[in-house]
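Reviewing the structure listed below.
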Amino acid sequence: MIICLETATNLCSVALIDNAGLVSLRESNELKSHASLLTVFAEEILKNQGIKASDLDAVAVSKGPGSYTGLRIGVSVAKGIAYGASIPLIGVETTLSMFWGMKQNIPESEINPLLFCPMLDARRMEVYYAIYNSTGEKIKDISAEVVTEDLFTDIPESQRIIFFGDGATKCKDIINHKNAIFAEDFRISAAHMHKPVFQAFNEGRYEDVAYFEPLYLKDFITSIPRKNILGK
3 MIICLETATN
13 LCSVALIDNA
23 GLVSLRESNE
33 LKSHASLLTV
43 FAEEILKNQG
53 IKASDLDAVA
63 VSKGPGSYTG
73 LRIGVSVAKG
83 IAYGASIPLI
93 GVETTLSMFW
103 GMKQNIPESE
113 INPLLFCPML
123 DARRMEVYYA
133 IYNSTGEKIK
143 DISAEVVTED
153 LFTDIPESQR
163 IIFFGDGATK
173 CKDIINHKNA
183 IFAEDFRISA
193 AHMHKPVFQA
203 FNEGRYEDVA
213 YFEPLYLKDF
223 ITSIPRKNIL
233 GK
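The sequence shown lines up with residues 3 to 234 when you count with my numbering.
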């Protein structure tokens, strides 16, 4: 079994998974709760299953992009579990687990040809996003951009594309694409990590516990000092 931690957004989510699927899940939307709830959720799940961290096959964490503070807390806890229990650490791009979470809610008959655009809020009208095809192949790498009417004009009007995540919600009235679909009820979850986590586990793709860092995209979120705006 593998324990998965998701802290890239306001949601604090911990899932225990095995080859067959989801075993247990604990989540909270309480703001700024990651530091106080993440380890509590993990301990409760393990206790309820009657296992210890050392009994796990690995620990997985959503590695970003997303909230700087949330990612830092999630990765720190995951590294602590991995080191203390001497188990592998798996990092999963947040947009990839979002893709799998969205895909499972769409009927197979509607999947092709459909593009998936998971979006994470990066403040103001800025978002982190990537674009995947229906098989999970990334056709546009993760980037951080300001959303404008022209952002997706390179995608043919005939191509259906679904936007989802907290970044997509705030951009619904700006994105100008004839076949855009907005999944406003989508919510990120550690349970969505199942497919990419077991792919990485089966292929032996682990992170270096000592040197692993989240995908912050720090350069994008640097602010212009207010004194420059005022000319002082």
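Each residue gets a CB set at the ideal place from its N, CA and C atoms; glycine is no exception.
Query: When you compare only the Cα positions, how much space is there between residue 90 and residue 151?; Result: 43 Å
Query: Please decide whether residue 120 counts as near chain D, where near means a Cβ-Cβ distance under 8 Å.; Result: In the displayed structure, chain D is absent; only one protein chain is listed.
Query: Can you check the stretch 154 to 214 for any beta strand (DSSP E) of at least 3 residues that lies completely inside it and give the ranges in chain order?; Result: 162 to 166 and 182 to 185
Query: Count the other CB atoms within 10 Å of the CB of residue 148; is the residue buried (16 or more) or exposed (fewer)?; Result: exposed
Query: Starting from residue 110, follow the beta strand (DSSP E) in both directions and report where the run begins and ends.; Result: No beta strand (DSSP E) holds residue 110; the alpha helix (DSSP H) holding it covers 110 to 113.
Query: Could you give the DSSP three-state label for residue 40: helix, strand or coil?; Result: helix
Query: Could you please give the first and the last residue of the uninterrupted alpha helix (DSSP H) stretch that includes residue 80?; Result: 70 to 87
Query: Answer yes or no: do residue 73 and residue 218 have a C-beta to C-beta separation smaller than 8 Å?; Result: yes
Query: Please say whether residue 123 and residue 175 have beta carbons closer to each other than 8 Å?; Result: no
Query: Per DSSP, residue 7 is paired with what?; Result: 16 and 63
Query: What would DSSP say about residue 55, mapped onto helix, strand or coil?; Result: helix
Query: Assign residue 48 to one of three DSSP states: helix, strand, or coil.; Result: helix
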